[in-house]
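Residue numbers (UniProt numbering): 1 to 345. Backbone N, C-alpha and C fix where the C-beta goes; we use that ideal spot for every residue, glycine too. Bear in mind the structure is a predicted one, so any value in this text is a computation, not a measurement.
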């Protein structure tokens, strides 16, 4: 996936405030880069066959996925965040309160300090005529910092839980030739893959608007600036949950993933969501004959092409070819028929 357009997408969508966003520009840019083929790997069972038959995909929350970090975010626990929060709170206190505990010069002193929280302790002691030694101030500072850090941890857990439970997600891949994905998600190559084209839906369709490329990184998505903006203004970027949902560890980059991310509340159940009819169905190299026949029967009723995946004889590579049917409805071996072309994936 080219990084140039991804960086442009971030510029439209990753701003901290709503006025920094251009969601329509982000969606229009993304629309131009949605692959013509996205693949959904499935094992064969009653649920996957129902999805195939009824043109739906199963959308569930990230808490059900196999990645414990899926849709996770983090906050910066550094003193800069805590001290910034102290300064902002004090300025809010002067602006919004009729009974100010501190004088303006006190707040200026605290805000301009290298350590606003520690300065706050000394100023508070002065106003209450409390004698406080440097050691006492240091210990009190450590206690308050620990309390603030604990609150950040609790807030982190709360936000992560809400994001993991709120959005309903279905994952797709740009690749149909991943041996690992056939092993992990299609029951050791005995399942099948449905091939979709979301790009044909157009920019106004909710499904193309809600499908996003996954970004791979070494670090969790840091939501500190988004949360700080949320505390200061109602104009914060309230779509940062989507940003968390499209961040994954680089260890998963082999999946070349795109995600359909639907906004729901945490109390909403997982659901089968309508999608376009598949362009094609790819059968695993180890699919059982009875399952192959069942899928071919469904595909014929829907007018969908069926391809058979087989293993190359001299490379670590899989080959998929369209199954050609005879007049009587039987099919030939897609790799051995005269004049047939086997496309290396």
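Contact between residue 257 and residue 173 holds, with the beta-carbon distance rounding to 6 Å and staying under 8 Å. In the structure shown, residue 227 adopts helical secondary structure according to DSSP, grouped into three states. Annotation for residue 245: the continuous alpha helix (DSSP H) segment containing it runs 240-245. By the criterion of a C-beta distance shorter than 8 Å, residue 28 is surrounded in its chain by 203, once the five residues flanking it on both sides are discounted.
As the crow flies, the alpha-carbon of residue 38 is around 35 Å from that of residue 76. By the neighbour-count criterion, in which a residue is buried when 16 or more other Cβ atoms sit within 10 angstroms of its Cβ, residue 48 is buried. The beta carbon of residue 34 sits closer than 6 Å to the beta carbons of 198 and 199 from its chain, once the five residues preceding and following it are set aside; these are given in chain order. Residue pairing by DSSP places residue 58 opposite 272 in a beta bridge. When secondary structure is reduced to three states using DSSP, residue 211 falls in the strand class. Distance from the CA of residue 304 to the CA of residue 278, rounded to the nearest whole angstrom, comes to 7 Å.
Using a Cβ-Cβ distance cut-off of 8 Å, the region 235-245 and the region 11-29 are in contact, since at least three pairs of beta carbons, one from each stretch, lie closer than that value. For the pair residue 307 and residue 297, the CB atoms are not nearer than the 8 Å cut-off. If you check the CB distance, residue 282 and residue 187 do not come in under 8 Å.
262 is the residue among 230, 206 and 262 whose C-alpha sits nearest the C-alpha of residue 245. For residue 183, the number of other beta carbons within 10 angstroms of its own is below 16, and it is reported as exposed. Nearest to residue 265 by C-alpha distance, out of 110, 112, 44 and 166, is 166.
Taking C-beta atoms under 8 Å as the contact rule, residue 56 and residue 276 fail to qualify, at a distance of about 11 Å.
Take residue 253, set aside five residues on each side of it, and the residues of its chain with a beta-carbon closer than 6 Å to its own are 216, in chain order.
Out of 74, 70 and 219, the CA that lies nearest to the CA of residue 152 is found in 74. Of the candidates 6, 7, 14 and 9, the residue whose Cα lies closest to the Cα of residue 241 is 14. In this structure, the straight-line span from the alpha carbon of residue 260 to that of residue 118 is close to 47 Å.
In the structure shown, residue 70 falls within a coil segment according to DSSP collapsed to helix, strand and coil. Per DSSP, residue 201 is not a residue of any beta strand (DSSP E), being assigned neither H nor E. Sixteen is the threshold: when 16 or more other Cβ atoms of the shown chains lie within 10 Å of the Cβ of residue 213, as they do, the residue is buried. Counting only unbroken stretches of 4 or more residues, the alpha helix (DSSP H) elements lying wholly within the region 6-58 are 23-33 and 46-54, in sequence order. Residue 248 carries a strand assignment under DSSP once its states are collapsed to helix, strand and coil. Check the Cα spacing between residue 31 and each of 59, 205 and 309: the tightest is with 205.
By the Cβ-count criterion, residue 269 is exposed, with fewer than 16 other Cβ atoms from all chains shown falling within 10 Å of its own Cβ.
For residue 113 and residue 121, the gap between their C-alpha atoms comes out near 12 Å.
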